[in-house]
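Those letters in the sequence shown? Residues -2 to 390, by my numbering. Don't be surprised by glycine CBs; every beta carbon is placed ideally from N, CA and C. Comments concern the structure below.
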Amino acid sequence: MENNKKYNRKANNRIKCPVSHICGGCQYIDVPYEKQLELKQNKMEQLFSEFGYVDKIIGMEHPFNYRNKVNAAFRRLKNGKVIAGIYEEGTHNVLSVDECYIEDKRASAIIKSIAELIRSFKMQIYNEDTGTGLIRHVQIRTGFATGQIMVIIVTASAIFPSKNNFAKALLKLHPEITTVVQNINDKKTSMVIGQRNQVIYGKGFIEDVLCGKRFRISPGSFYQVNPIQTEVLYQKAIKFADLKKKEVVIDAYCGIGTIGIIAADRAKQVIGVELNSAAIKDANINCRINKLDNVDLYNNDAGKFMCDIAEQDEKIDVVFMDPPRSGSDEAFLSSVVKLSPKRVVYISCGPESLVRDLKYLTKNGYKVIRIQPVDLFPMTEHVESVALLVKER
Ligand code: SAH
């Protein structure tokens, strides 16, 4: 690739991660970074060949330790020592991880300390097979721009003996932690985070800054895991939208409101819709923090919501959509067609579902103008991209 000079030299050497074959998280860890980008570009060009040109993937200068969200599970060894790590792919076996190349280093250090404290506090570790024990997971979320760090201790029941002393001991070791939250997950599920939170220390959320706007992130809310590349992605998305302060804009699948809030200064009105009530609560607060009065938020299924406004014949100029990996649905897409916005900016972490949804839109009056991949997930096979569609006259 012609711009490979800007990539970190270490990234273009082969990296050997001792657990990659068991962990399964970093499918490309032993592929030099330039080559990873080439593989992703080729995949995208193949998948999107029917829509024309795919822009060159934007890689990361330092493609390591980019993850701001880190999960850990724990296991007690026969000698009493507690190890922290991850589940071996597809099993309930906890695999010890000493160093992870893609996770935030501050998080790894905190997780190590928590394993030692679980031992010294003699806390019970949850057993996925029998459903007994207390500590299920720990999740660390870091605001890269603010330095704020949230430790979420996921427990199988609400009763968490000596939680205040536990937090105190942890804070003594890591004064950089800004909040500690107990999250209760009493369901038999592979989901890490449950529905209920109890703040043990601090505010119970962190904040981060993206594209000049400040965002509150609560334990259950989605937030992109690679904030450095997210800024690149969102700047592309906003550019594709070509806003002139006159437009009514939809931000569908809006999470904590990031895209709509970043676009709001350039639009007349923004309407955000999101299914997760914790995220929409954050989104409302984020509008206030950023002193915006032209953003309205709705806690609803995006497809249902779009059907409703399509029936009311609202005038919508631009739709941003950023659905989960599985993509959007027919209720949503058929309503987009009915509402007939000039531009649709589709952000996707699932190229296969993006192809499917672009097919629907291009059969129904839209034309794909740009497809821009951005490498949000170095060392893994995942590709994020942003597509611009315009209404054909
Ligand atoms: N745009 C946000 C969030 C993108 S992730 C950001 O960039 O941070 C996708 C979001 O879609 C998640 O917040 C998830 O809760 C939400 N979601 C999933 N299914 C949905 C549905 N049917 N209707 C509305 N939102 C949905």
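Item	Value
For N0, which residues in the same chain have their Cβ closer than 6 Å to its Cβ, ignoring the five residues on either side in sequence?	The pLDDT assigned to N0 is 47, lower than 50, so where the model puts this residue is not dependable; a value taken from the coordinates is nonetheless given after this. Contacts found: none.
In the DSSP assignment, the alpha helix (DSSP H) including A106 goes from what residue to what residue?	K102 to S117
Measure how close the beta-carbons of P89 and E125 come, nearest whole angstrom, since I'm counting them as under 8 Å.	Strictly speaking, residue 89 in this sequence is His, with Pro absent from that position. Going by Cβ atoms, the distance from H89 to E125 rounds to 4 Å, so yes, they are a contact pair.
Does the ligand SAH have a heavy atom nearer than 7 Å to the CB of Q192?	no
Looking at C-beta atoms only, is the number of pairs between the stretch 235 to 255 and the stretch 299 to 314 that lie closer than 8 Å three or more?	yes
Hey, could you find the ends of the alpha helix (DSSP H) P224 is sitting in?	P224 to A238
Can you give, in chain order, each stretch of the beta strand (DSSP E) that sits fully within the stretch 154 to 185 and has at least 3 residues?	176 to 181
Which residues in the same chain have their Cβ closer than 7 Å to the Cβ of V16, if we skip the five residues on either side of it in sequence?	L92 and V94
Output the boundary residues of the beta strand (DSSP E) element that contains G269.	Q266 to E271
Where does the unbroken alpha helix (DSSP H) through S331 begin, and where does it stop?	E327 to L336
With distances taken Cα to Cα, identify the nearest neighbour of T227 among R213, T255 and K75.	T255
With DSSP as the reference, identify every bridge partner of G199, one or two as the case may be.	Note: G199 sits in no beta bridge, so no partner.
Using 8 Å as the threshold, is the C-beta distance between I122 and R72 below it?	yes
Where does the unbroken alpha helix (DSSP H) through M318 begin, and where does it stop?	No alpha helix (DSSP H) holds M318; the beta strand (DSSP E) holding it covers V315 to M318.
Checking the sheet assignment: what are the DSSP bridge partners for D293?	I268
Could you pull the start and end residues of the beta strand (DSSP E) that L385 belongs to?	E381 to K388
Let me know the secondary structure DSSP gives F61 once reduced to three states.	coil
Which of the three DSSP states is assigned to M(-2) in this structure?	Low local confidence applies: a pLDDT of 43 at M(-2) is under 50, so the model's placement there is unreliable, with the coordinate-based value given in what follows. Residue state, collapsed to three classes: coil.
For the ligand SAH, is there any heavy atom lying closer than 7 Å to the beta carbon of D410?	No information on residue 410 is available, as it lies outside the stretch -2 to 390 that the chain covers here.
When every heavy atom of the ligand SAH is checked, does at least one fall within less than 7 Å of the C-beta of Q221?	yes
What separation, rounded to the nearest whole angstrom, lies between the Cα atoms of P172 and G191?	26 Å
What does DSSP give as the partner residue(s) for R193 in the beta ladder?	I181
Just tell me which of N194, I282, V380 and L168 has its CA closest to the CA of F157.	N194
Would the beta-carbon of N281 be found less than 7 Å away from any heavy atom of the ligand SAH?	no
Closest to I368 by CA distance: which of F202, E85, V292 and I55 is it?	I55
Is the beta carbon of A307 sitting closer than 8 Å to the one on K335?	yes
Please report how far the alpha carbon of I83 lies from the alpha carbon of A264, in whole angstroms.	43 Å
How do the stretch 220 to 235 and the stretch 203 to 210 stand: do at least 3 beta-carbon pairs fall below 8 Å, yes or no?	yes
Helix, strand or coil, according to DSSP, for E42 in the structure here?	helix
Considering Cα atoms alone, identify which of L44, K160, Y363 and C97 is closest to K339.	Y363
With distances taken Cα to Cα, identify the nearest neighbour of F61 among N76, T377, S382 and I111.	T377
Any heavy atom of the ligand SAH closer than 7 Å to the beta-carbon of G252?	yes
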